[in-house]
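Enquirer: Below: one structure in structure tokens.
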Amino acid sequence: TLFEDYLKLSQNANFESIIPAFRDNSPDRIADIISSHLYLHLEEKQNLLETINSLERIRRLNFILENEILKIHSRLKKDGKKYSRRKTPFSDPNQKIFPTGLGYKKEEQPNEIEELRQKIAKANMPKDAEEKASKELERLEAMPPMSAEATVCRNYLDWLISLPWTKKSREKRNLKEAEKILHEDHFGLDKVKERILEYLSIRQLVKNPKGIILGFIGPPGVGKSSLGRSIARSTGRKFVRLSLGGVRDEAEIRGHRRTYIGAYPGRIIQMLKRAKTKNPVFLLDEVDKMSMDFRGDPASALMEVLDPEQNDTFLDHYIDTDFDLSQVMFIVTANMLEPIPRPLLDRMEIIRLPGYTEDEKLQIAKRFLLPRQIKIHGLKKQNIKITDKAIVNLIRNYTREAGVRNIEREITSICRKVVKKVVSKGRTHEEKVTSKNLETYLGIPRFRRAEIDKKDEIGVAIGMAWTEFGGELLTFEVTKVYGKGNFTLTGHLGEIMQESAQAAFSYVRGKMFEHNIAKDLHKNYDIHIHVPEVATPKEGPSAGITVATSIISLLTEIPVRKKVAMSGEITLRGRVLPVGGIKEKLLAAHRERIKEAIIPLDNKPDLKDLPKNVKDDIKIHFVENMDEVLEIALTRELPIIPKKRKIAASSEIPEGEEEGGGSQEPSIAH
């Protein structure tokens, strides 16, 4: 035990790894191990090494250890008060250094243990969590302070203590003030604002309602993420944001079990610790960008977080005790609904943010974007003035988006150039940006308007598409070449769009004889459909009526009206089925100055949220079948084969005409 006493007093050796080495070893081996861990002069070590007799070597070693311990004791006495309060293992001759194996006595870390015990009492944990913390504290007391396991215990207790088990933000109950804040931060988005005010109204009547889970779906730049921050400000809550783009490990949500080295809680618990309240506004950004691999499916782990019936007992693998998430206001954002699993969607209240009209973008640029950039660049209002026509020109020719992110980027570019002139010409310099000199600030226009102002063309129709970046217009071009009735599609079309075009082509082939068009198509010609902008992938079933219209226009040589855009799925019988993204598509049509639009009748309810100016500027036709589409889209009616004259029965054949005589129309085979 002398060597154990020496190790304890010296505090320079890792005795936990040394003592086990003494087991099952010979006296010579034990003497060598002890000698190697003593701070001796080279001559003393050499003398020990040259001592062959084991008993003599152990005696010498015993003498050296006693001397070393005495030296340490004398040094401690000289240090005075610094070490006088410390209990040494030799204050009681009957006392053992290690009364419980190799562990430390509880008295050796009283300050830390007592401090943790007080923090646990003040944390107001639930009963289960407090019991778990107390047990962990007892384990920590019996552990050596410098052991790896003690560090794990401390980290775990720190996490339990620091979580906001009962702390809440004091919410604002004034509806007028909340409404004012929402209008200050965002233009439009009335549906979202109304939903937040409804929730605050419920808070007036119900003491502890469950938190709401909103899903904002829309293209980039429409204000989904910034809206979450505005909601937090209007409700008086803390705001935290978690980006889920690229997350593919379930442990990112639920945490790692403490058996792993370097284990940590999941991001949900981490963000709540950062918020320091149990009722923040929690933004889960880009939830549609999550993926899965062999480590698990984070989308499935999110289902427990976002389920109001379950999230009051959310279990993180690291914390290993229930935490109440029911007071959290979760806001989920995504660009598209399709990548999000259906069970996860069922737990959200979906609110679509389709994008802004040109007039709305103009107001946002004037009220929000331009003043913000003037402030950021250190300018004053009199230094820069951008006319409304210049902003409209910027929106049309330099950006093509549903949101306003690129508009702000272009305004930033203008402000930088104005700052340069103000610095060189003086702080009183005034710069006016108009539609005529806009190119001097931004260069040549980056986008051109869709080709809708030219004359009506044969075999060319305009379709409306919906992407994660908002609505777009697509031009479908059809031509026929000599061949054997083959059908070719180009333009980076997805599988669904190709099948939709195949259905449209089959519908047209079934109608060829009815309209007396291209009876020799299947023998002598191939049909080629092309959608320009090949680099852009295109997908969806809504191009069916556009493809059918362009093919029939080609075969009948009747032009398609260029001021008409259309969207709808087609069946082999010519029925027009509803499609998605109608609002976004009509906003794109309005942006490109389309005058008429054809959409399925079943999509009529989707126009409820369409801005009034769009409804006034675009004449919208609701159709149920392909005949109605052709009647609106083509410049003139299709030729119709007159109905065949019924052949009279043999008993009614007029006199002078024998049976089988006279001219008869040839039979038509489909």
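So that you can map any letter, position 307 of the sequence shown is 451 in the numbering used here, and since no number is skipped, the others follow by simple counting.
Here a beta-carbon is modelled for each residue, glycine too, at the ideal position from N, C-alpha and C.
#1: Pick out whichever of 423, 447 and 426 has its Cα sitting closest to the Cα of residue 394.
#2: Strictly by DSSP, which residues pair up with residue 704?
#3: Under three-state DSSP, which class holds residue 767?
#4: Exposed or buried, what is residue 218 when buried is set at 16 or more other beta-carbons lying within 10 Å of its beta-carbon?
#5: Just to check my reading of the structure: residue 673 and residue 730 have Cβ atoms closer than 8 angstroms, yes? What is that Cβ distance to the nearest angstrom?
#6: In whole angstroms, give me the CA-to-CA distance for residue 170 and residue 177.
#7: Would residue 694 be called buried (16 or more neighbouring beta carbons within 10 Å of its own) or exposed?
#8: On a Cα-Cα basis, can you pick out the residue from 653, 426 and 764 that is closest to residue 369?
#9: Would you say the beta carbon of residue 466 is closer than 7 angstroms to some non-hydrogen atom of the ligand FAD?
#10: Only counting the same chain, and skipping five residues up and downstream in sequence, which positions put a Cβ closer than 6 angstroms to that of residue 391?
#11: Might you give, ordered along the chain, the residues of its own chain that have their beta carbon closer than 7 angstroms to the beta carbon of residue 147, omitting 5 neighbours on each side?
#12: Taking DSSP's pairing of strands, which residues face residue 744 in a bridge?
#13: Can you tell me whether residue 641 is helix, strand or coil according to DSSP?
#14: In three-state DSSP terms, what is residue 241?
#15: For residue 671, count the other beta carbons within 10 Å of its own beta carbon; 16 or more makes it buried, fewer makes it exposed. Which is it?
#16: Does the distance from the C-beta atom of residue 705 to that of residue 600 stay below 8 angstroms?
#17: Exposed or buried, residue 348, counting other C-beta atoms within 10 Å across all chains shown (16 or more means buried)?
#18: Label residue 150 either buried or exposed according to how many other C-beta atoms from any shown protein chain fall within 10 Å of its C-beta, with 16 as the threshold for buried.
#19: Helix, strand or coil: how does DSSP classify residue 303 here?
#20: Let me confirm a value: residue 337 is counted as buried when at least 16 other C-beta atoms fall within 10 Å, else exposed. Which label applies?
#21: In angstroms with no decimal places, state the Cα-to-Cα distance between residue 330 and residue 367.
#22: Should the stretch 609-624 be called in touch with the stretch 681-695, which here means at least 3 C-beta pairs below 8 angstroms?
#23: Is the beta carbon of residue 859 sitting closer than 8 angstroms to the one on residue 362?
#24: For residue 549, which residues from the same chain have a beta carbon less than 7 angstroms from its beta carbon, with the 5 sequence-adjacent residues on both sides left out?
#25: For residue 299, I'd like the list of residues in its chain whose CB is within less than 7 angstroms of its CB, leaving aside the five on either flank, ordered along the chain.
#26: Note down, one range per segment and in chain order, each beta strand (DSSP E) of at least 3 residues found wholly within the stretch 492-572.
#27: Following the continuous beta strand (DSSP E) through residue 473, name the residue where it begins and the one where it ends.
#28: Spatial neighbours of residue 175 within its chain, please: C-beta separation below 8 angstroms, excluding the five flanking residues on both sides.
#29: Check for me: the alpha helix (DSSP H) holding residue 391 runs from which residue to which?
#30: Three-state secondary structure (DSSP) at residue 762?
#31: Would you mind reading off the limits of the alpha helix (DSSP H) that contains residue 427?
#32: Does residue 453 come out as helix, strand or coil in the three-state DSSP assignment?
#33: Would residue 280 pass as a contact of residue 297 if the rule is Cβ separation under 8 angstroms?
#34: Going by the beta-carbon positions, is the gap between residue 681 and residue 638 smaller than 8 angstroms?
#35: Among 714, 466, 503 and 463, which has the Cα closest to the Cα of residue 758?
#36: Alpha carbon to alpha carbon, how far is residue 711 from residue 101? Give it in angstroms, no decimals.
Expert: On the basis of the coordinates in this document:
#1: In the sequence shown, counting from the first residue as 1, residue 394 sits at position 250. It is 447 whose Cα lies nearest to the Cα of residue 394.
#2: As a first step, residue 704 is located in the sequence shown; it is residue number 560 there, counting from the start. As DSSP reads the structure, residue 704 sits in a beta bridge with 601 and 778.
#3: In the sequence shown, the residue the question calls residue 767 occupies position 623. Three-state DSSP puts residue 767 in a strand.
#4: Along the sequence shown, read from residue 1 onward, the residue named residue 218 stands at position 74. Exposed, since its Cβ has fewer than 16 Cβ neighbours within 10 Å.
#5: By one-based count along the sequence shown, residue 673 stands at place 529. By one-based count along the sequence shown, residue 730 stands at place 586. With a Cβ gap of about 24 angstroms, residue 673 and residue 730 do not count as contacting.
#6: In the sequence shown, counting from the first residue as 1, residue 170 sits at position 26. In the sequence shown, counting from the first residue as 1, residue 177 sits at position 33. Straight-line Cα distance between these residues: approximately 11 angstroms.
#7: In the sequence shown, the residue the question calls residue 694 occupies position 550. The residue in question, residue 694, is buried, as its Cβ has 16 or more Cβ neighbours within 10 Å.
#8: For the purposes of this step, residue 369 is taken as the residue at position 225 of the sequence shown. Residue 369 has its Cα closest to that of 426, out of 653, 426 and 764.
#9: Looking at this structure, you won't find the ligand FAD or any other ligand, since it has none at all.
#10: For the purposes of this step, residue 391 is identified with residue 247 of the sequence shown, where counting begins at 1. Around residue 391: 434 and 442.
#11: As a first step, residue 147 is located in the sequence shown; it is residue number 3 there, counting from the start. Here the set comprises 178 and 209.
#12: Taking the first residue of the sequence shown as position 1, residue 744 is located at position 600. Paired residue(s): 767.
#13: Residue numbering aside, residue 641 sits at position 497 when the sequence shown is read from its first letter. Residue 641: helix per DSSP, three-state reduction.
#14: Against the sequence shown, residue 241 aligns to sequence position 97. Residue placement at residue 241 is flagged as unreliable, the pLDDT there being 42, under the threshold of 50; the coordinate-derived value follows with that caveat. If DSSP states are grouped into helix, strand and coil, residue 241 belongs with coil.
#15: As a first step, residue 671 is located in the sequence shown; it is residue number 527 there, counting from the start. Residue 671 is buried by the Cβ-count criterion.
#16: Taking the sequence shown and counting its residues from 1, the one referred to as residue 705 is at position 561. Taking the sequence shown and counting its residues from 1, the one referred to as residue 600 is at position 456. Yes.
#17: Locating residue 348 in the sequence shown gives position 204, where the first residue counts as 1. Residue 348 comes out exposed.
#18: Against the sequence shown, residue 150 aligns to sequence position 6. Flag for residue 150 reads buried.
#19: Taking the first residue of the sequence shown as 1, we reach residue 303 at position 159. Residue 303: helix per DSSP, three-state reduction.
#20: For the purposes of this step, residue 337 is taken as residue 193 along the sequence shown, with counting starting at 1. Under this definition residue 337 is a buried residue.
#21: In the sequence shown, counting from the first residue as 1, residue 330 sits at position 186. In the sequence shown, counting from the first residue as 1, residue 367 sits at position 223. Approximately 8 angstroms between the Cα atoms of the pair.
#22: yes
#23: What is shown of the chain runs 145 to 814, which leaves residue 859 out entirely.
#24: Stepping through the sequence shown from its first residue, residue 549 is reached at position 405. Taken in chain order, the residues that qualify are 364 and 365.
#25: Reading the sequence shown from its first residue, position 155 is the one you call residue 299. Hits under 7 angstroms: none found.
#26: Counting whole runs of 3 or more residues, the stretch 492-572 contains the beta strand (DSSP E) stretches 493-496 and 528-530.
#27: Reading the sequence shown from its first residue, position 329 is the one you call residue 473. First-last of the beta strand (DSSP E) with residue 473: 473-478.
#28: For this step, residue 175 is matched to residue 31 along the sequence shown. The answer, listed in chain order, is 192, 198, 201, 202 and 205.
#29: Mapped onto the sequence shown, residue 391 falls at position 247. Annotation: residue 391 is outside any alpha helix (DSSP H) and is labelled neither H nor E by DSSP.
#30: Start at 1 with the first residue of the sequence shown, and residue 762 comes out as number 618. If DSSP states are grouped into helix, strand and coil, residue 762 belongs with coil.
#31: For the purposes of this step, residue 427 is taken as residue 283 along the sequence shown, with counting starting at 1. Segment 425-429 is the beta strand (DSSP E) holding residue 427; no alpha helix (DSSP H) there.
#32: Walking along the sequence shown from the start, residue 453 turns up at place 309. Coil, per DSSP.
#33: Position 136 of the sequence shown, counting from 1, holds the residue named residue 280. Position 153 of the sequence shown, counting from 1, holds the residue named residue 297. Yes; because the gap between Cβ atoms is below 8 angstroms, this pair is in contact.
#34: Taking the first residue of the sequence shown as 1, we reach residue 681 at position 537. Taking the first residue of the sequence shown as 1, we reach residue 638 at position 494. Yes, Cβ-Cβ distance for residue 681 and residue 638 is below 8 angstroms.
#35: Taking the sequence shown and counting its residues from 1, one reaches residue 758 at position 614. Looking at the Cα atoms, 503 is the closest of the given residues.
#36: Outside the displayed range of the chain (145 to 814) lies residue 101, so it cannot be described from this structure.
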